[in-house]
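Undergrad: Provided herewith is a single structure, encoded as structure tokens, for subsequent inquiry.
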Amino acid sequence: MMRRVFISDWLKMRRAWVGSLAILGPAGVIIVNAAHYIIKYNDLVKPDSDNWANLVQNIHPLLVATLILGITLLASLVTGLEHQANSWKMLCALPVPKFKLYLSKFWIVICLLILSSILSVLGTTLLGISLGFGFSIPLTTIIFESFGILAAATFIVSIQLWLSAVISNQVIPLTIGVVGVVFNLAYKVMPHWIPWVYPFLAGPLSSPNNETYIVCGLVFGIVLLLIGGIHFSKREIKQ
Amino acid sequence: MMFKLIKSEWIKVRKSPVWIPILIGPMLAIGLGMLDVNNNHEYKEGINRWVWMYPMLISFYSIMFLPLLSGIIASLLCRFEHLTGGWKQMLTLPVSRSKIYLTKLAYLYAALGFTQLLLLLGVLIAGFMRHITDPVPWLFIFKSLFGGWIALFPLAALQLFISTVWKSFGMPFAINIALTLPTIIVVNSDTLGPYYPWAQPFNAMLPSGNSPLYMVPSALVWVIIVGTFLTVSSGWLYFAKRDIYS
Numbered sequence: 162m163m164r165r166v167f168i169s170d171w172l173k174m175r176r177a178w179v180g181s182l183a184i185l186g187p188a189g190v191i192i193v194n195a196a197h198y199i200i201k202y203n204d205l206v207k208p209d210s211d212n213w214a215n216l217v218q219n220i221h222p223l224l225v226a227t228l229i230l231g232i233t234l235l236a237s238l239v240t241g242l243e244h245q246a247n248s249w250k251m252l253c254a255l256p257v258p259k260f261k262l263y264l265s266k267f268w269i270v271i272c273l274l275i276l277s278s279i280l281s282v283l284g285t286t287l288l289g290i291s292l293g294f295g296f297s298i299p300l301t302t303i304i305f306e307s308f309g310i311l312a313a314a315t316f317i318v319s320i321q322l323w324l325s326a327v328i329s330n331q332v333i334p335l336t337i338g339v340v341g342v343v344f345n346l347a348y349k350v351m352p353h354w355i356p357w358v359y360p361f362l363a364g365p366l367s368s369p370n371n372e373t374y375i376v377c378g379l380v381f382g383i384v385l386l387l388i389g390g391i392h393f394s395k396r397e398i399k400q
Numbered sequence: 009m010m011f012k013l014i015k016s017e018w019i020k021v022r023k024s025p026v027w028i029p030i031l032i033g034p035m036l037a038i039g040l041g042m043l044d045v046n047n048n049h050e051y052k053e054g055i056n057r058w059v060w061m062y063p064m065l066i067s068f069y070s071i072m073f074l075p076l077l078s079g080i081i082a083s084l085l086c087r088f089e090h091l092t093g094g095w096k097q098m099l100t101l102p103v104s105r106s107k108i109y110l111t112k113l114a115y116l117y118a119a120l121g122f123t124q125l126l127l128l129l130g131v132l133i134a135g136f137m138r139h140i141t142d143p144v145p146w147l148f149i150f151k152s153l154f155g156g157w158i159a160l161f162p163l164a165a166l167q168l169f170i171s172t173v174w175k176s177f178g179m180p181f182a183i184n185i186a187l188t189l190p191t192i193i194v195v196n197s198d199t200l201g202p203y204y205p206w207a208q209p210f211n212a213m214l215p216s217g218n219s220p221l222y223m224v225p226s227a228l229v230w231v232i233i234v235g236t237f238l239t240v241s242s243g244w245l246y247f248a249k250r251d252i253y254s
């Protein structure tokens with residue numbers, strides 16, 4: 162049942178270029194960082210420092226910002242199709258529990274983000290190798306970087322998905338997403354319990370107790386997903 | 009004719025949620041800036057306190073928020089017509105298409121200008137909350153806000169162009185994000201900084217040096233003029249000539 166709901170949602174999404182967005186995100190981050198490294202090679206690459214760690218640290222801010230804006234966009238797109246065509250009533254009249262519909266949309270966003278994370282791991286490795294950092298690749302660090310921030314961002318996925326599904330005018334979820342990115346960039350001054358700051362602090366080299374943020378993001382994300390799903394299944398569809 | 013168009017556009021705009029992003033922006037800038045000032049920076053002697061505090065208030069705002077805001081407002085302005093097939097109705101009216109496009113562009117610029125004015129209000133509030141007793145450097149602040157507003161012209165015109173092309177909210181927003189995100193890196197680089205259009209609001213709003221008067225680098229001015237010309241004319245031409253399907 163869940164598989165069929167997921168496949169039908171996936172078919173809907175084919176028109177909205179979400180696949181290309183999932184690929185373009187990490188590709189863009191890697192390309193911009195490549196350009197940055199090439200232009201400022203002498204400043205960034207010093208002979209005795211740990212080049213791979215510096216690479217991961219330099220990629221981190223842009224990756225997290227792209228991730229959050231990407232989440233906002235994807236959540237808006239997966240729910241936008243129903244909002245535009247006013248087909249929520251039709252969708253919810255099907256003999257499928259509404260909770261499963263909500264869950265399948267969440268799952269689509271997560272799958273696309275997992276694809277993006279895999280691509281960013283590959284891209285980081287390739288970038289490091291082509292910049293001549295040698296083959297002693299700290300794979301654990303790179304994988305933790307990409308998937309750790311994804312896990313911490315689960316909270317944001319739940320929030321954005323709930324907002325996009327419940328509010329028909331997509332401006333409000335998009336604005337909140339944009340505000341979230343600005344919070345994320347200002348991580349030094351923001352209190353550390355704000356959801357949008359979790360991905361930044363969840364990178365392996367970004368803060369001393371980054372595992373806390375990964376776990377918090379995951380746990381709160383799943384809790385909010387359940388709450389949001391229950392709210393979604395109970396509410397009356399007006400259009 | 010233009011005046012009537014502007015009035016009719018106002019009726020559409022005043023009911024839309026365009027006020028939400030406009031009001032949030034300056035509040036955000038001020039809030040973040042205040043936190044930043046409290047935590048991070050020591051006051052240096054000899055500089056006007058306002059001039060010292062100002063860059064912290066506007067840095068996040070002008071790098072990330074302003075370009076994204078222009079995209080959101082542009083999409084909102086076109087939203088009325090995209091939904092419910094309004095373009096067809098709008099364009100069969102005896103008004104020239106150019107005037108319609110220019111009205112929307114004028115509203116977009118006016119909304120962004122209004123945001124800058126609200127930012128001025130926010131800066132003043134932030135200053136009073138910090139009990140700054142130095143004289144307010146009006147010329148400095150106005151130059152910065154005005155420069156930032158002008159620097160938004162090419163970005164906003166491009167966003168309006170893209171929003172008229174695509175019906176959904178998603179694609180214009182995606183393009184906006186893709187062009188705004190590199191700003192974080194570009195503003196730190198000296199070779200690309202002056203030329204990248206999405207970094208111009210930050211360059212224009214941030215003073216070079218701490219004197220009350222600053223000279224805007226000429227590369228910035230040329231990029232803005234050329235950029236504005238290109239984006240406005242391409243959007244205008246496209247809109248005037250396109251076939252309407254929706």
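Residue numbers (the numbering used here), protein chains in the order written: chain V, 162 to 400; chain S, 9 to 254. All residues carry an ideal CB built from backbone N, CA and C; glycine is no exception.
With respect to the alpha helix (DSSP H) encompassing M98 of chain S, which residues constitute its N-terminal and C-terminal limits?
TA: It spans G94 to L99 - the alpha helix (DSSP H) in which M98 of chain S sits, taken as one unbroken run.
Undergrad: Within the continuous alpha helix (DSSP H) that includes D204 of chain V, where are the two ends?
TA: Where D204 of chain V is concerned, the enclosing alpha helix (DSSP H) stretches over Y202 to L205.
Undergrad: S237 of chain V CB to nearest chain S CB: under 9 angstroms?
TA: At least one chain S Cβ lies under 9 angstroms of S237 of chain V.
Undergrad: Distance, Cα to Cα, L65 of chain S vs P365 of chain V?
TA: Straight-line Cα distance between these residues: approximately 30 angstroms.
Undergrad: Quick one, are the C-beta atoms of I317 of chain V and P352 of chain V less than 9 angstroms apart?
TA: The answer is no: Cβ separation not under 9 angstroms.
Undergrad: Going straight from the alpha carbon of L182 of chain V to that of K151 of chain S, what length do you get?
TA: Each residue's alpha carbon lies about 38 angstroms from the other.
Undergrad: At a cut of 8 angstroms, does the region 188-196 of chain V reach the region 218-230 of chain V through at least three beta carbon pairs?
TA: With the cut-off at 8 angstroms, the region 188-196 of chain V and the region 218-230 of chain V touch.
Undergrad: Following a CB-centred definition, is I232 of chain S positioned closer than 8 angstroms to any heavy atom of the ligand SAM?
TA: For the ligand SAM, the structure offers nothing, since it holds no ligand at all.
Undergrad: Pop quiz: I375 of chain V and A312 of chain V are said to be a contact at Cβ under 8 angstroms. What is the actual Cβ separation, rounded to whole angstroms?
TA: With 8 angstroms as the limit, I375 of chain V and A312 of chain V qualify as a contact, their Cβ atoms being about 5 angstroms apart.
Undergrad: Cβ closer than 7 angstroms: which chain V residues qualify as neighbours of G178 of chain S?
TA: Those within 7 angstroms of G178 of chain S in chain V are A177, L234, S237, L238 and G241.
Undergrad: Can the beta-carbon of I229 of chain V be found closer than 9 angstroms to that of W323 of chain V?
TA: No, Cβ-Cβ distance for I229 of chain V and W323 of chain V is not below 9 angstroms.
Undergrad: Ignore the nearest five residues each way along the sequence and tell me which others in V103 of chain S's own chain have a CB closer than 8 angstroms to its CB.
TA: So the list reads M9 and L13, once near-sequence residues are dropped.
Undergrad: What is the rounded straight-line gap between the Cα of H392 of chain V and the Cα of I269 of chain V?
TA: If you take the alpha carbons of H392 of chain V and I269 of chain V, they lie about 20 angstroms apart.
Undergrad: Taking the alpha-carbon positions, what's the W249 of chain V to I398 of chain V distance?
TA: Approximately 7 angstroms, taken between the alpha carbons.
Undergrad: How is P220 of chain S classed by DSSP in three states: helix, strand or coil?
TA: Confidence at P220 of chain S is low in this model, with a pLDDT of 40, below 50, so the placement of that residue should be treated as unreliable; the coordinate-derived value is given next. Correct three-state label for P220 of chain S: coil.
Undergrad: Nearest to T236 of chain S by alpha carbon, out of S:R87, S:F161, S:L31 and S:V131?
TA: If we check each option's Cα against that of T236 of chain S, S:F161 comes out closest.
Undergrad: Under 9 angstroms between C-beta atoms, does P258 of chain V make it to chain S?
TA: Closer than 9 angstroms: no.
Undergrad: Counting along the chain, where does the alpha helix (DSSP H) carrying G121 of chain S start and finish?
TA: Taken as a continuous stretch (DSSP letters only), the alpha helix (DSSP H) holding G121 of chain S covers R105 to M137.
Undergrad: Tell me whether the region 96-110 of chain S and the region 178-191 of chain S touch, counting them as touching only if at least three CB pairs, one residue from each stretch, are closer than 8 angstroms.
TA: The region 96-110 of chain S vs the region 178-191 of chain S: no contact.
Undergrad: Cα separation between L40 of chain S and A134 of chain S?
TA: Taking the straight line from one Cα to the other gives about 11 angstroms.
Undergrad: Return the CA-CA distance between L187 of chain S and S78 of chain S, expressed in angstroms with no decimal places.
TA: Taking the straight line from one Cα to the other gives about 12 angstroms.
Undergrad: Is A323 of chain V helix, strand or coil by DSSP?
TA: The sequence given here has Trp at residue 323 of chain V, not Ala. Reduced to three states, the DSSP call for W323 of chain V is helix.
Undergrad: May I have the straight-line CA-CA distance separating V179 of chain V from S237 of chain V, to the nearest angstrom?
TA: V179 of chain V and S237 of chain V: Cα-Cα distance of roughly 11 angstroms.
Undergrad: Would V257 of chain V and V166 of chain V qualify as a contact pair, given that the criterion is a beta-carbon distance under 9 angstroms?
TA: Yes; because the gap between Cβ atoms is below 9 angstroms, this pair is in contact.
Undergrad: Helix, strand or coil for N212 of chain V per DSSP?
TA: DSSP places N212 of chain V in helix when its eight states are reduced to three.
Undergrad: With a floor of 3 residues, list each beta strand (DSSP E) that falls wholly inside the region 9-94 of chain S, ordered by position along the chain.
TA: Within the region 9-94 of chain S, no complete beta strand (DSSP E) run reaches 3 residues.
Undergrad: Go ahead and label I149 of chain S buried or exposed: buried means 16 or more other beta carbons lie within 10 angstroms of its beta carbon, across all protein chains shown.
TA: The residue in question, I149 of chain S, is buried, as its Cβ has 16 or more Cβ neighbours within 10 Å.
Undergrad: Quick check: the Cα distance between G338 of chain V and V190 of chain V, rounded to an integer number of angstroms?
TA: One C-alpha to the other measures close to 19 angstroms.
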